[in-house]
Every structure is written in C-alpha cells, then in structure tokens.
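Student:
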Amino acid sequence: MKTQLLKALVIPVLSLVLFSCSKTETTPIPQPDPTALQTAPPPVEAPPAPVVIPNPTGDKGLQLIQETDCLTCHKVDSKLIGPSYQEVAAKYTDADLDMLAQKIVDGGKGNWGDIPMAPHTGLSKEDAKLMVKYILSLKK
7 MKTQLLKALV IPVLSLVLFS CSKTETTPIP QPDPTALQTA PPPVEAPPAP VVIPNPTGDK
67 GLQLIQETDC LTCHKVDSKL IGPSYQEVAA KYTDADLDML AQKIVDGGKG NWGDIPMAPH
127 TGLSKEDAKL MVKYILSLKK
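Quick note: to get the numbering used here, add 6 to the position in the sequence shown (first position is 1).
#1: Between the beta-carbon of L4 and the beta-carbon of G67, is there less than 8 Å?
#2: Count the other CB atoms, across all protein chains shown, that sit within 10 Å of the CB of G88; report buried if there are 16 or more and exposed otherwise.
#3: Threshold first: 4 residues or longer. Then list the alpha helix (DSSP H) segments lying entirely within the segment 86 to 123, N to C.
#4: Please identify the residue among G119, D120, A134 whose C-alpha is closest to the C-alpha of H126.
#5: Candidates Q37, V94, I141: which alpha carbon is nearest W118's?
#6: Between G116 and V58, what straight-line distance do the alpha-carbon atoms span, to the nearest angstrom?
#7: If we ignore side chains and look at the alpha-carbon of each, how far apart do P48 and D39 end up?
#8: Per DSSP, H80 is paired with what?
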C-alpha cells in the first residue's frame, strides 16, 4: 500500500518537475539604452570679441593692423603674447622701419622671447611699413 501511495505521489510530482523545467523562458534580457550612454557635447565658448582700437583719423596702418591677426598677440599698451606696441615703439626708431616691416612679412623670433611671430606673407612690404609707422607713432 505504501508503494502504491508512493507511486501515486512521486509520479505526479516528477511529471510536474519535468514539465516545468523543460519550458524555455522568454523573459527578455534588458538592453542598455544607447542614448543614455551618450553625453551632451561640451558647450561651445563664443570666440572673444575682436579688439577694436578707435581710429578717428583713419590711419591706414592701424586699419591694416585691425584687418590682420596682429591683435591676437599684441595690444597697444600691455604685453599679451608678444610685446605691446608701445614697447616696440620705445625700443625702435624710424631708422628701423624697413627691418621691422620685413619682420612682419617674414615673421621673427628671438627679439622678444622664444615665442615666434607668425609670418604675414600675404602682406606687402609697403603695407607692413604703414603698420610700423603707426606702431612707432605710439612712442611715449
């Protein structure tokens, strides 16, 4: 009798276990959201406003300076990357006009430190001379 009771209980329990284990699960595996991993690009800083030096007299040399990249490295009254225009005017005279104009066109290094001045090959020597005349006019 025990055996029959045991068979009556074991067979349904084993059947239940076998059928429940043989079923394949279809629970989806969570996938990361690809947009969640993306970070926002860093904010773009606005370029600094171009420096404008008042030019009430319409000086052609100053106008040329403002039309080139000179004010990226030079300021009128204080050192930026290169010397100020007033420092240049204090160091040089009108006798150095040709040499300074050529340095603007060819670029240079060594007179004011290790940082080179970029060449301005698209600038004529005559225009460079007008720029130097303006710079030398800033002599105190």
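For each residue, glycine too, the CB sits at the ideal point set by N, CA and C.
Tutor: Put simply:
#1: Nothing can be reported for residue 4: it is not among the residues displayed for the chain, which extend from 7 to 146.
#2: Looking up residue 88 in the sequence shown gives position 82. Taking all protein chains in view, the Cβ of G88 is crowded by 16 or more other Cβ atoms within 10 Å, so the residue is classified as buried.
#3: For the segment 86 to 123, the full-length alpha helix (DSSP H) segments reaching 4 residues or more read 91 to 97, 103 to 112 along the chain.
#4: Translated into the one-based positions of the sequence shown, residue 126 becomes position 120. Taking only the C-alpha atoms, the option nearest H126 is A134.
#5: Mapped onto the sequence shown, residue 118 falls at position 112. Of Q37, V94, I141, the residue nearest in Cα terms is V94.
#6: As a position in the sequence shown, residue 116 is number 110, starting the count at 1. As a position in the sequence shown, residue 58 is number 52, starting the count at 1. Looking at the two C-alpha atoms, the distance is approximately 28 Å.
#7: One-based indexing of the sequence shown puts residue 48 at position 42. One-based indexing of the sequence shown puts residue 39 at position 33. Whole-angstrom Cα-Cα distance: 21 Å.
#8: Here residue 80 is taken as the residue at index 74 of the sequence shown, counted from 1. In the DSSP output, where bridge partners are listed per residue, H80 has K85.
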